[in-house]
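Novice: Structure below; questions to follow.
Residue numbers (this note's numbering), protein chains in the order written: chain A, 11 to 453; chain B, 5 to 511.
What follows is the structure, given as structure tokens:
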């Protein structure tokens, strides 16, 4: 708080001065008590003004620190502001309201009135519903008043704005499901004998084999020892490619394409981290390219989720920005691809894909020729935007946008017919369902 | 060029300034007029004939540190230490009070050596001499000279006789001179006091000397003086000396500035100073100007004006006139008279009107001084919003501003047709739809009616069949949506629910 604020009078002061003037005028007809009362009221207003000036000055010099707890989406994020009044002036009626990004929803009151005694601190706590991405919080806006409300200060900025970064929460159900699925048709099967946990085949015992590998069932069946051979588990190269435009942030709270695909990516990344897969992430936000180097294990999961949490949730800024085309995206991603076969998971909105279907076909062919595989996850924009409308409104909405929907679906169909596995999804598709459909395509 | 925005900040408002000025004026009036008066006596600040400003000039020639004393108490507080002090008192017109004497004594005690030069015929300075422990005194009565015949015949010319007497001065330094004294007294010396040296005596008597008071009209209380009566003495104590000359008039400006005799009196003064403080260094000289009457320049008599330097008089007069004590009371009296005489004479209605005008001005001034007014409202909160690319359409739907037309029915038909194609593999126009729907549990009549209605209306919308015409397409679309929802639910999808048709189409 550094700028000087002015103190303004309220409508109550006019009423008070009018009353004081009337009392002074009545002095001509009544006794001197009316004069004293009138002058007393004027003096009172002057005292109040001096107080508001002093309290405003104290509020401007108030030291503010902020912190937050809670880092996962769909959980509560607790933001705490500590106001330290260093002066000797009590700030008796301090009205405050927290400024924050309109795209993050508060689950507690964000405004109120408090009292900050001199040489003391006051803690103000606000709670928000966690939402993936980076959100601006603060500063506090404050107004100082006198006890009678005759004067008020301008709206003062108290403290400085800061950002909260909310990580996507992986779906535990997905993780469980993927562990089970991996045993039958998982991403990691190699069909080669080697170190692993899955049984590949059996062969006759040779000296030097581990006794714990002997298959007692075969021994009893054939009368000679056989040992179990396991299937070599392969490590995958997973590349998450996220293309974001303003449409990616469209939808009701917690059910936007961005939040949906963040959860999908976080879930896959967490599963792959346990399998020690090599993972990287490319996020294309408007004209910005954010990149996570290929990393293995839990560190990869941490980096990927942190990168997703650092994506600013500000669709308004992306509205006028031309997003990357699929060709530009693959050009950038290809520079960082490992030599081994990589699985690229492209996550983009259906409308973006529809606009660049020919290019997508082209880059898919290119990647395929290099031995890489491309999967596409396409959130259907209309499906996200219909959520939250009343029942009859949903029907009207679907009628009005059907032409666009049909166009996008036909483009997705084109991609599918060209051999590109595309999963279109809406907010009603659970993450488990999306993953299952991805696995189905792989198999 | 970059524009610089200058913000003017008023640190001291006009109202505060006016209040302070008013308070200052009241204080000044309360304290009363300052002592802005012209000294007409032997004050060192009087540049007129009877003043001793010439003595002050001589002292400043002789010494580097010379101060004029207006109040002994103030001077006492301003002096911390000093090596030597010379106090010069010439014909004071008032008695010294206890505070003055205490201050003089305090100064004397703090200084290494104290020297007093007193030229006084009134005797007012005796209290100072006494307080500092000297034995000599000035008699205080004036010496005059009569002829023997006048005494014998009691024929006194009512004091028109001369006060001039001759005195002979002889100093240890070798200085000697015979000078006239004007309105002189004599010094009473204690004979056994061996520390006293007589420096000047009455001499060259041409008649009989008496001491008189100026107000006496007879000689009953006179005393005959003999030649040799001391008029100047030097009394010495351990660290202090006093030189008393029982006539201050010889050091007035008119004497010291006289073209013929002035230099001789000046020499007397310089010799006296030399005798007192000769050889001493670092002497603080205090010239008393605290015991002289001040005459208000506005109240001076023509006779007093003759004794005042014209330039001094004009300066004092201007200072007196511009001081608030001169004019503020007059202004207040004028205002008081105006209110009491003129306003009351106006009568009650006119007076009432004036009061109202005054109050209006007062309130106007107060309102003009208050800060800009705003309507006090709570701070606007940030409202959370959801972002939608089709926000306009959603708003219209939520507010019920969407009108339905023939075009919307075509869209509805297309939607249902697409779903039938996807889920059943046949278009809506195919009459097998009815049997399939019946097979799925839809009432046969209901199924046929739905199929027939949808297709007929579609043809009307496409203008291929127009009888009977559809008058209200909005109602028709709404009715059709309800019918379609029932059928679509049978097929496992919906137009009205979250899990809508798009999920079926996107598979």
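Every residue, glycine too, gets a C-beta built ideally from N, C-alpha and C.
It should be emphasised that the depicted structure is a prediction, and the values quoted were computed from it without experimental measurement.
Whose Cβ in chain B lies nearer than 8 Å to the Cβ of residue 44 of chain A?
Specialist: Counting from 1 along the first chain, the entry for residue 44 of chain A is found at position 34. What residue 44 of chain A touches in chain B: nothing, since even the nearest Cβ is about 12 Å away.
Novice: Nearest chain B C-beta to residue 50 of chain A closer than 8 Å, yes or no?
Specialist: Walking along the first chain from the start, residue 50 of chain A turns up at place 40. So no, residue 50 of chain A is outside the interface.
Novice: Starting from residue 58 of chain A, follow the beta strand (DSSP E) in both directions and report where the run begins and ends.
Specialist: Translated into positions along the first chain, residue 58 of chain A becomes position 48. No beta strand (DSSP E) contains residue 58 of chain A, which is instead part of the alpha helix (DSSP H) from 42 to 70.
Novice: Using the three-state DSSP reduction, which class does residue 458 of chain B fall into: helix, strand or coil?
Specialist: For the purposes of this step, residue 458 of chain B is taken as residue 454 along the second chain, with counting starting at 1. Here residue 458 of chain B sits in helix by DSSP.
Novice: On the criterion of 16 or more Cβ atoms from any shown chain inside 10 Å, does residue 221 of chain A qualify as buried, or is it exposed?
Specialist: Translated into positions along the first chain, residue 221 of chain A becomes position 211. So residue 221 of chain A counts as exposed.
Novice: Mind pulling the beta strand (DSSP E) runs of 3 or more residues that sit fully within the stretch 126 to 193 of chain A?
Specialist: DSSP runs (the beta strand (DSSP E)) wholly in the stretch 126 to 193 of chain A: 130 to 139, 143 to 155, 161 to 163, 166 to 168 and 172 to 176.
Novice: Just how far apart, CA to CA, sit residue 372 of chain A and residue 251 of chain A?
Specialist: Your numbering for residue 372 of chain A matches position 362 in the first chain. Your numbering for residue 251 of chain A matches position 241 in the first chain. Rounded to the nearest angstrom, the two C-alpha atoms are 17 Å apart.
Novice: Report yes or no: do three or more beta-carbon pairs, one from the stretch 398 to 411 of chain A and one from the stretch 141 to 158 of chain A, lie closer than 8 Å?
Specialist: Touching, no.
Novice: Measure the Cβ-Cβ separation of residue 239 of chain B and residue 138 of chain B and say whether it is below 8 Å.
Specialist: Indexing the second chain from 1 puts residue 239 of chain B at position 235. Indexing the second chain from 1 puts residue 138 of chain B at position 134. In contact: residue 239 of chain B and residue 138 of chain B (Cβ atoms closer than 8 Å).
Novice: Tell me which same chain residues have a C-beta within less than 6 Å of the C-beta of residue 92 of chain A, skipping the five on either side of it?
Specialist: Counted from its first residue, the first chain places residue 92 of chain A at position 82. Result list for residue 92 of chain A: 75, 131 and 133, in chain order.
Novice: Mind listing which residues of the stretch 379 to 406 of chain B have their C-beta closer than 8 Å to chain A's C-betas, in chain order?
Specialist: Here the close residues are 379, 380, 382, 383, 384, 385, 386, 387, 388, 389, 390, 391, 392, 393, 394, 397, 398, 401, 402 and 406.
Novice: I need the DSSP call for residue 88 of chain B, collapsed to helix, strand or coil.
Specialist: The residue given as residue 88 of chain B occupies position 84 in the second chain. The answer is strand: DSSP assigns residue 88 of chain B an E or B state.
Novice: For residue 177 of chain B, which of helix, strand or coil comes out of DSSP?
Specialist: As a working mapping, residue 177 of chain B is identified with position 173 in the second chain. Looking at residue 177 of chain B - three-state DSSP - the assignment turns out to be coil, as it is neither helix nor strand.
Novice: Could you tell me the alpha carbon to alpha carbon distance between residue 271 of chain A and residue 248 of chain A, rounded to whole angstroms?
Specialist: On the first chain, position 261 is the one that residue 271 of chain A refers to. On the first chain, position 238 is the one that residue 248 of chain A refers to. Cα to Cα, residue 271 of chain A sits roughly 15 Å from residue 248 of chain A.
Novice: Any Cβ of chain B within less than 8 Å of the Cβ of residue 408 of chain A?
Specialist: Taking the first residue of the first chain as position 1, residue 408 of chain A is located at position 398. Yes, because at least one Cβ of chain B sits closer than 8 Å to the Cβ of residue 408 of chain A.
Novice: Which one of A:116, A:142, A:108 and A:94 has the shortest CA to CA distance from residue 125 of chain A?
Specialist: Here residue 125 of chain A refers to the residue found at position 115 of the first chain. Closest by alpha carbon: A:94.
Novice: State the DSSP-derived secondary structure class of residue 216 of chain A, mapped to helix, strand or coil.
Specialist: If you number the first chain from 1, residue 216 of chain A lands on position 206. Coil.
Novice: Would residue 246 of chain B and residue 133 of chain B qualify as a contact pair, given that the criterion is a beta-carbon distance under 8 Å?
Specialist: Mapped onto the second chain, residue 246 of chain B falls at position 242. Mapped onto the second chain, residue 133 of chain B falls at position 129. In this structure, residue 133 of chain B lies closer than 8 Å to residue 246 of chain B by Cβ.
Novice: Residues of chain B with CB under 8 Å from residue 69 of chain A, in chain order?
Specialist: Translated into the one-based positions of the first chain, residue 69 of chain A becomes position 59. Correct list: empty, because the minimum Cβ distance to chain B is about 13 Å.
Novice: How would you list, in chain order, the residues of chain B whose beta-carbon sits under 9 Å from the beta-carbon of residue 256 of chain A?
Specialist: Within the first chain, numbered from 1, the residue matching residue 256 of chain A stands at position 246. Neighbours of residue 256 of chain A on chain B, chain order: 391 and 393.
Novice: Is the stretch 60 to 77 of chain A in contact with the stretch 108 to 116 of chain A, if contact means three or more CB pairs nearer than 8 Å?
Specialist: Result no; under three Cβ-Cβ pairs closer than 8 Å.
Novice: How many Å lie between residue 360 of chain A and residue 330 of chain A at the Cα?
Specialist: Translated into the one-based positions of the first chain, residue 360 of chain A becomes position 350. Translated into the one-based positions of the first chain, residue 330 of chain A becomes position 320. Going by the C-alpha atoms only, they are around 19 Å apart.
Novice: Take the Cβ of residue 447 of chain B as the centre, count every other Cβ of all protein chains shown within 10 Å, and call the residue buried at 16 or more, exposed below.
Specialist: Indexing the second chain from 1 puts residue 447 of chain B at position 443. So residue 447 of chain B counts as exposed.
Novice: Would you report the Cα separation of residue 96 of chain A and residue 146 of chain A, rounded to the nearest angstrom?
Specialist: The residue you call residue 96 of chain A lines up with position 86 of the first chain. The residue you call residue 146 of chain A lines up with position 136 of the first chain. So the two alpha carbons sit approximately 27 Å from each other.
Novice: Can you give me the Cβ contacts of residue 273 of chain B inside the same chain, cut-off strictly under 8 Å, excluding the 5 residues immediately before and after it?
Specialist: Taking the first residue of the second chain as 1, we reach residue 273 of chain B at position 269. Within the same chain, residue 273 of chain B has close Cβ partners 59, 62, 255 and 260.
Novice: Just verifying my parser: in three-state terms, what is the DSSP assignment at residue 275 of chain A?
Specialist: Looking up residue 275 of chain A in the first chain gives position 265. Of the three classes helix, strand and coil, the one that applies to residue 275 of chain A here is helix, per DSSP.
Novice: Residues in the same chain with beta-carbon distance under 7 Å from residue 58 of chain A, minus the five sequence neighbours each way, listed in chain order, please.
Specialist: Counting from 1 along the first chain, the entry for residue 58 of chain A is found at position 48. So the qualifying residues of the chain are 156, 158, 160 and 161.
Novice: Buried or exposed for residue 266 of chain A, going by 16 or more other Cβ atoms inside 10 Å?
Specialist: Mapped onto the first chain, residue 266 of chain A falls at position 256. Counting Cβ neighbours within 10 Å, residue 266 of chain A comes out buried, since at least 16 surround it.
Novice: To the nearest angstrom, report how far apart residue 193 of chain B and residue 130 of chain B are at their CA atoms.
Specialist: For the purposes of this step, residue 193 of chain B is taken as the residue at position 189 of the second chain. For the purposes of this step, residue 130 of chain B is taken as the residue at position 126 of the second chain. Straight-line Cα distance between these residues: approximately 12 Å.
Novice: Output the boundary residues of the beta strand (DSSP E) element that contains residue 439 of chain A.
Specialist: Here the question's residue 439 of chain A lines up with position 429 in the first chain. Unbroken run through residue 439 of chain A: none, as it is neither H nor E.
Novice: Just to confirm, is the Cβ distance from residue 183 of chain B to residue 173 of chain B under 8 Å?
Specialist: Taking the first residue of the second chain as 1, we reach residue 183 of chain B at position 179. Taking the first residue of the second chain as 1, we reach residue 173 of chain B at position 169. Closer than 8 Å, so yes.
Novice: Can you pull out the residues from the stretch 372 to 401 of chain A whose beta carbon lies closer than 8 Å to at least one beta carbon of chain B?
Specialist: If the cut-off is 8 Å between Cβ atoms, the stretch 372 to 401 of chain A has 390, 391, 392, 393, 395, 396, 397, 398, 399, 400 and 401 near chain B.
Novice: Spell out whether any CB of chain B is found under 8 Å from the CB atom of residue 64 of chain A.
Specialist: Locating residue 64 of chain A in the first chain gives position 54, where the first residue counts as 1. No, residue 64 of chain A does not count as interfacial toward chain B.
Novice: Which residues mark the beginning and the end of the alpha helix (DSSP H) in which residue 66 of chain B is found?
Specialist: By 1-based counting over the second chain, the position of residue 66 of chain B is 62. Residues 57 to 66.
Novice: Pair every Cβ in the stretch 73 to 88 of chain B with every Cβ in the stretch 281 to 295 of chain B, then say whether three or more of these pairs are closer than 8 Å.
Specialist: Cβ pair count under 8 Å is three or more, so yes.
Novice: Buried or exposed, going by whether 16 or more other CB atoms sit within 10 Å of the CB of residue 437 of chain A?
Specialist: Looking up residue 437 of chain A in the first chain gives position 427. Buried, because 16 or more other Cβ atoms sit within 10 Å of the Cβ of residue 437 of chain A.
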